[in-house]
Amino acid sequence: MNSVILTHHNPIDLELTLNSGQAFRWIRNGNLFEGVLGDSLVTLQDKGESIEVINWDSDTECILKHLRRYFRLDDRWEEILETLGRDMHVAEALLRYQGLRLLKQDPWETLIAFVTSSVSSIAKVSYCLEGLCQQFGRRLNFGTSARCAFPTPYELARASEKELRSVGLGFRARYVKEIAGYIADSEIDLEFLQDLPYDNAKEWLMGLPGIGPKVADCVLLYSLDKTEAFPVDRWIERVLLNWYPAYKRRWTRDTHKWAVEYFGKYAGYAELYLFQHIRTDSKQRNR
DNA sequence: CCACGGCCTGATTC
DNA sequence: AGAATCAGGCCGT
Numbered sequence: 438m439n440s441v442i443l444t445h446h447n448p449i450d451l452e453l454t455l456n457s458g459q460a461f462r463w464i465r466n467g468n469l470f471e472g473v474l475g476d477s478l479v480t481l482q483d484k485g486e487s488i489e490v491i492n493w494d495s496d497t498e499c500i501l502k503h504l505r506r507y508f509r510l511d512d513r514w515e516e517i518l519e520t521l522g523r524d525m526h527v528a529e530a531l532l533r534y535q536g537l538r539l540l541k542q543d544p545w546e547t548l549i550a551f552v553t554s555s556v557s558s559i560a561k562v563s564y565c566l567e568g569l570c571q572q573f574g575r576r577l578n579f580g581t582s583a584r585c586a587f588p589t590p591y592e593l594a595r596a597s598e599k600e601l602r603s604v605g606l607g608f609r610a611r612y613v614k615e616i617a618g619y620i621a622d623s624e625i626d627l628e629f630l631q632d633l634p635y636d637n638a639k640e641w642l643m644g645l646p647g648i649g650p651k652v653a654d655c656v657l658l659y660s661l662d663k664t665e666a667f668p669v670d671r672w673i674e675r676v677l678l679n680w681y682p683a684y685k686r687r688w689t690r691d692t693h694k695w696a697v698e699y700f701g702k703y704a705g706y707a708e709l710y711l712f713q714h715i716r717t718d719s720k721q722r723n724r
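Residues in the first sequence are numbered consecutively from 438, following my numbering.
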């Protein structure tokens with residue numbers, strides 16, 4: 438077992454970030470967060486100015502490098518703050534949810550996660566994904582902990598639709614099977630999408646079954662470095678209608694286009710913060 | 001192009 | 001308690 442320190446200059450709130458609806462497999466245990474990155478299990482603990490990383494992998498340099506990318510520590514934070522801070526609502530959210538970060542996750546896992554998220558709840562997505570991992574992923578044992586790796590395209594392609602339904606995927610099981618089959622057969626590494634312009638990458642993703650504009654944008658934003666992606670779900674649609682008269686008066690139905698024109702190339706960050714804002718507000722109202 | 005119903009299923013609401 | 005409704009969409013008509 439190793440313990441290493443991940444240093445960062447700008448705030449990271451683990452609780453906020455890992456439960457913001459970007460990632461679904463982190464497990465909180467007190468103030469520890471346990472997750473699976475590739476084939477390694479890591480436990481994170483907030484130390485204020487840094488994060489302590491406990492892991493069972495021999496190559497700690499590799500883990501640190503992975504985490505630096507995962508939390509996007511090389512983003513130009515000042516530029517992001519300056520660009521987005523011009524909008525009143527986003528500025529408020531940036532302040533209120535300090536430490537909420539965009540993640541860069543594995544594209545394959547993110548793709549399946551957001552296909553699963555369609556007309557579902559975060560709790561259910563977590564449940565389904567954990568089921569997928571336990572049924573079809575490789576078992577990983579680390580000391581006293583045991584988790585499972587996210588199944589590869591091959592592992593999911595081999596599963597029957599019925600087996601996939603057994604973990605609670607419902608009508609999404611067919612999408613998962615078809616996508617896994619296609620990716621496995623063509624031996625595609627989804628990272629290639631990172632080198633494509635946003636529009637082309639989105640178009641490619643939307644060619645897959647079960648992937649429309651919203652899911653495609655989630656995959657692009659949360660795993661492929663496309664910060665101009667702006668996932669529009671019912672919450673965000675509501676936010677824009679309620680808070681942005683300029684949007685309400687719009688002549689186009691293309692919400693994404695409006696958002697990028699309005700928020701700029703970091704529109705995805707704006708979405709992340711606005712989503713957190715509306716979700717927290719609505720939780721508090723129901724209390 | 002737009003509008004609409006159907007889709008699995010667990011949780012929440014009435 | 002049991003039935004309706006909803007939940008971070010997408011697809012076919």
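Even for Gly, the Cβ is constructed at its ideal location relative to N, Cα and C. These numbers were taken from a predicted model, which means no experiment stands behind them.
With respect to the 9 Å criterion, L630 and A638 are classified as neighbours on the basis of their beta carbons.
The beta carbons of G568 and V527 sit about 36 Å from each other, so the pair does not count as a contact at 8 Å. Rounded to the nearest whole angstrom, the CA to CA distance from K651 to G485 is 34 Å. The residue among L711, H503, E471 and W493 with its C-alpha nearest the C-alpha of L443 is H503. A distance below 8 Å between beta-carbons, with the five flanking residues on each side excluded, links S457 to the following residues of its chain, in chain order: L537, L709, F712 and Q713. Per DSSP, the beta-bridge partners of Q482 are L469 and E489. With respect to the 9 Å criterion, R462 and V473 are classified as neighbours on the basis of their beta carbons. Between A583 and K614, the C-beta spacing is not below 9 Å.
Under the DSSP definition of a beta bridge, V441 partners with V490.
Nearest C-alpha to R690 among W545, M643, V669 and H446: V669. About 4 Å separates the beta carbon of F667 from that of A704, a gap short enough to meet the 8 Å contact definition.
Residue range R576 to F579 is occupied by the beta strand (DSSP E) that includes F579. For C585, the beta-bridge partners assigned by DSSP are R576.
Taking T497 as the centre and dropping the five residues before and after it, the same chain places the C-beta of N439 and V441 closer than 7 Å to its C-beta, in chain order. Between T553 and C570, the gap from beta carbon to beta carbon reaches 9 Å or more.
For the set E665, L678 and N492, the Cα lying nearest the Cα of T581 is the one of N492.
Judged by their CB atoms, I488 and H445 are nearer to each other than the 9 Å cut-off.
Annotated as distal: D662 and K561, with beta-carbon spacing of 9 Å or more. In this structure, I549 keeps its C-beta atom at 9 Å or more from the C-beta atom of Y706.
The beta carbons of Q535 and D476 sit no closer together than 9 Å. Taking 9 Å as the cut-off, the beta carbon of G647 is found closer than this to the beta carbon of S555. For the alpha helix (DSSP H) assignment, the uninterrupted runs of no fewer than 4 residues enclosed by the stretch 541 to 578 are, from N- to C-terminal side, 544 to 553 and 559 to 573. Per the coordinates, the alpha-carbon of E592 lies some 7 Å from the alpha-carbon of G574. In the DSSP annotation of this structure, the continuous segment of the alpha helix (DSSP H) that includes K614 starts and ends at R609 to S623. When DSSP reads this structure, I464 sits in a beta bridge with E471. For P682, the enclosing alpha helix (DSSP H) starts and ends at P682 to K685. Under the 10 Å beta carbon count, Q721 is surrounded by fewer than 16 other beta carbons and is classified as exposed. S719 carries a helical assignment under DSSP once its states are collapsed to helix, strand and coil.
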